[in-house]
Amino acid sequence: MKRTIQMTCCLVLIVLASVLLFTSCAPQLGLAGRDARLISSSQFKDGKFFNTIETRVSTASGNRLGSLLEFFTDQQKREPEAVLPSIPVAVESIGATNGLRLTWLGHSTCLIEMDGQVILTDPTFSDRASPFTFLGPKRFGTALPLQLKDVPKVDIVLISHDHYDHLDYRSIKALIDKTSLFCVPLGVGGHLEYWGVPRNKIVEMDWWQEQSNKGIKLVATPARHFSGRWLVRDKTLWSSWVIQGQKHRIFFGGDSGYFDGFRSIGDKYGPFDLTLLESGAYNEAWSEIHMMPEETVQAHIDLKGKVLLPIHWGQFNLSLHNWTEPIERLLAEANRRDVSVATPLMGQPVEDPLGIPYAAWWHIPKDKIAKTGDSESPPMQRL
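Taking mature numbering (1 follows the signal peptide of the UniProt record, and there is no 0), I'd label the letters of the sequence shown as residues -26 to -1, 1 to 357.
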């Protein structure tokens, strides 16, 4: 039986390799490392970008085929049984606030309205976190709170790195004419130019570089991760971001393992009204490139954050854990450390001065979710 399963996995890998071979020229794969050899970055050496400390993509040893088999056969409840609730975004009101309003759209995509400007982080509206429409991690059953066609004019698109669940070809193509500025880590501009984004709309930034746009300061800050959309890794940089307005500061973490860089960022740019930090798609073998939920809480504390809004969970099956485990572990640790956590439904705004949502919407019984949005709005507390 074991031999049969292993042969099946090998066959799957062969088929996948064939698909990748035939689509190697597909535009959604991107064009990594534009002018990478000309970049005078302290993170760039021998044709690749590096982290500030030694970082392994995987710490696992032994049978990698067995690990792949576990991903396909593990029986944990990695996907929800019911359609997840969401709240449709009031498109006509986007950009109407002069204060702060943040709306989590799912995974790492957030709509930030600050000081009259509209910012989108890692816009990913496709059904799959993949270069393919028929293969790869599929979005959980939920209605997107904002459809890609309905996205209004955007002042800034922020990209953390070039992995498929953060840099989505279809979304970028649709946003080209709607977006004034794309702020990306070094090298990522190559993908965007290849997809048709005009060069004068792209700003590529190294760690600790700052860019001002109509009163909002953006800072590309370090993260502990890696990059790559094809067979070659680390030809583009990965970043977290500081977003600083007239009265508010937000930290967007992208993807990152835990490291002392969070403390350095907090010391230099904190405190933050909101930290948007990953809590999901982790595994012990990936502990140097993704945080465990308890580490996410510690990172928030290091950053001098006021309210933590966990992202990178509840949308795609990207690891082996139960789909609700990330938020449950994070909340347990946050309660122990007396950390305030926002848990909005996708599409529900977090707004100053109105408050933050904190209900456990993921525990709504499936028989009470007849259709998306039927559940009551979660209660609020002051931001």
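Using N, Cα and C, we set each Cβ at its ideal position, and we do this for glycine too.
- Short of 6 Å from the beta carbon of Phe99, and not among the five residues preceding or following it, lie these beta carbons of its own chain, in chain order: Leu122, Ser145.
- The beta carbon of Trp78 sits closer than 7 Å to those of Cys84, Leu283, Ile285, Pro318, Met320, all from its chain and outside the five residues before and after it, given in chain order.
- The beta strand (DSSP E) runs of length 3 or more contained entirely in the stretch 233 to 261 are, from start to end of the chain, 246 to 252.
- With a contact defined as Cβ atoms closer than 8 Å, Ala255 and Ala34 miss out at about 16 Å.
- Measuring C-alpha to C-alpha distances from Gly69 to each of Val125, Ser16, Arg52 identifies Val125 as the nearest.
- Between the alpha carbons of Phe225 and Asp247 lies a distance of about 8 Å.
- Secondary-structure assignment with DSSP links Trp215 through a beta bridge to Ala194, Phe226.
- The shortest CA-to-CA distance from His264 to any of Val31, Ser82, Ser238, His165 is the one to Val31.
- Shown here, Trp78 sits in a strand according to DSSP, grouped into three states.
- Apart from the 5 residues on each side of it in sequence, Asp180 sits with its Cβ closer than 6 Å to the Cβ of Ser15, Leu160 in its chain, given in chain order.
- Under the three-state reduction of DSSP output, Asp124 falls in the helix class.
- Contact annotation: Gly219 and Met88 have beta-carbon atoms nearer than 7 Å.
- As summarised for the stretch 263 to 299, the continuous beta strand (DSSP E) elements at least 3 residues long and confined to that stretch are 279 to 285, given in chain order.
- Within the DSSP bridge table, the entry for Ile130 names Ile93, Leu155 as partners.
- Looking at the DSSP output, Ile176 shares a beta bridge with Phe156.
- Under the three-state reduction of DSSP output, Lys188 falls in the coil class, being neither helix nor strand.
- In the structure shown, the three-state DSSP call for Pro62 is coil.
- Closest by C-alpha distance to Glu307, out of Asn296, Ala316, Thr270, is Thr270.
- For Ile86, there is no enclosing alpha helix (DSSP H); the residue is part of the beta strand (DSSP E) that begins and ends at 83 to 88.
- When DSSP states are grouped into helix, strand and coil, Glu55 belongs to the coil group.
- Take the alpha-carbon of Gly288 and the one of His295: they are about 11 Å apart.
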